[in-house]
Amino acid sequence: MEILILFMIMLSFTNLTSPQILTDFHGGSISLCPPPLCFDTAKNDQKRCSCRQDCYLFNECCIDMINNTNFDQKNRPYPSIYYSCRYVDYFRYSVYQFDRCPLNHDVMEYVNSCENPDSNDRLQNIPAFGNTSKILYRNLYCALCHGEEFILWNLLYQCDLGPNVSFENILNNVKDGNCSATVKPPSEDLEKYIYPCTEFIANCPQDNNNTEQRIKCESNPMALVKSGINVFRNIHCATCNGFDEVVDYCGYPRVVFDVPFTPSLTILFNYHTNSLVIKDNRRNRDSVMQFTSCQKPAVYDMNTKECRQVIYQPQLNCTTTTLNKSEYHITSDGLLYINNTQRLLNQSEYTRDSQGIISICVKNSTTIIPTYSTAESYITLVGLIISIPALAITIIVYLCIPDLRTLPDTSTKLKIYKCNNAINNDCLTFRI
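Mapped onto mature numbering (1 follows the signal peptide of the UniProt record, and there is no 0), the consecutive letters of the sequence shown carry residue numbers -19 to -1, 1 to 413.
Right, here's the structure in full:
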């Protein structure tokens, strides 16, 4: 009996000092979360963690996904300082988008347009895929500051206009804001690279000095919990933020209110083909208008109806050379890594033309030679200047003095004598 009482006291004390996960009554029944595991995808539809093969990129893998020996983690997770969870009207849910430039990026035009886009500039508010990585960027400038060519999303307008509307009236309604605007992925094949997300708190406050809690919050596997309107990455993130009681994440099901709406006109502008597709839903008729083709790196601007230069590329004030694609690669933070020299160049140290060809500065012949080689060249030159006259004097002496009294023995003298005779005979022959 005493042991039972002691056990109950310890259990009560534990409940006071550790977080509690409560369940919610919804519709007269208790809704419990299944374990955040991937073995049964039917029970993991609440997305407390991710079972995608690329879940490691955003550090969202379920615990059994991490422990799975067949799980192939090819790359490191993306640095969380570069992306955030942003809502997309077309999907009616949030997706991860890279919306910040590398800290050392020095082209401020890209940084400002990426991180603080002008709401009145349509091009600064259209997402873009990285041409190589297929990362989704907030806009084309975020792609550029990470060193990537981009694939712009399409611009979709939905208009509720009357019949027999002229093309000019349609464009005027679009320009005046009478049509709702959204963005659409350029192709269904690219939609598989879109990563849905839930906004959650994933770290502890700065004034929290509990190192153990901080490590568990940031490093333990993801298993979303919530308290009120706040969603946390796991129970440890909730605890270190002062929430001792959290409501089970599955207490409220996700409800998406889908109100059907069929506009009379839909207008799709394709930035890849510079074409405008107008679909009349009432008459079930489509029409296509082709705009001026823009050479890279320009993009057609519907507002100004002209090609707009979007890439700012400072010219290199030096002798340049081009690189083959096998000689370099672009890092995730926009640096150029040269394979043979293992050097990293920032954005101001290389250029990329409209065809994607990389150019870098090269040193001329006077700067390639190291300092010690220059010193050696002077020593060699002085040695040659001294050795040539000395050699000439030696030859003259041996030719002009046939009897060398300094030789140690007769045999050596005889050899020199015969040599001199041969030289004299050659000289006589030359004279004749």
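We put the beta carbon where it would ideally sit given N, CA and C, even for glycine.
- If you ignore the 5 residues before and after Ser256, its C-beta comes within less than 8 angstroms of the C-beta of Phe250, Val269, Met270, Gln271, Phe272, all in its own chain and listed in chain order.
- Across the structure, Thr301 and Glu129 are spaced so that their CA atoms are roughly 21 angstroms apart.
- Between the segment 65 to 85 and the segment 154 to 170 there are three or more inter-stretch CB-CB distances shorter than 8 angstroms, so the stretches are counted as touching.
- Restricting attention to alpha helix (DSSP H) runs no shorter than 4 residues, the segment 121 to 165 encloses them at 121 to 126, 148 to 156, ordered along the chain.
- For the 8 angstroms CB-CB criterion, Tyr331 and Ile341 form a contact.
- Under the three-state reduction of DSSP output, Arg289 falls in the strand class.
- The beta-bridge partner set that DSSP reports for Ala279 consists of Gln290.
- The beta carbon of Asp35 sits closer than 8 angstroms to the beta carbons of Tyr176 from its chain, once the five residues preceding and following it are set aside; these are given in chain order.
- Note that the segment 95 to 112 does not touch the segment 137 to 156; fewer than 3 beta-carbon pairs, one per stretch, sit closer than 8 angstroms.
- Under the DSSP assignment, Lys197 falls outside any beta strand (DSSP E), being part of the alpha helix (DSSP H) whose first and last residues are 192 to 200.
- Ile132 is a Cβ neighbour of Pro167, given a cutoff of 8 angstroms.
- For Asn251, the enclosing beta strand (DSSP E) begins and ends at 246 to 251.
- Exposure of Met89 is indicated by the presence of fewer than 16 other C-beta atoms within 10 angstroms of its C-beta.
- Under a 10 Å Cβ-count criterion, Thr243 is classified as exposed, with fewer than 16 other Cβ atoms of the shown protein chains found around its own Cβ.
- Inter-residue distance for Pro370 and Ile360 is about 16 angstroms (C-alpha atoms, whole angstroms).
- Phe79 places its beta carbon less than 8 angstroms from that of Tyr118.
- If you compare the alpha carbons of Arg195, Ile210, Gly209 with that of His217, the shortest gap goes to Arg195.
- Between Cys42 and Met203, the C-beta spacing is below 8 angstroms.
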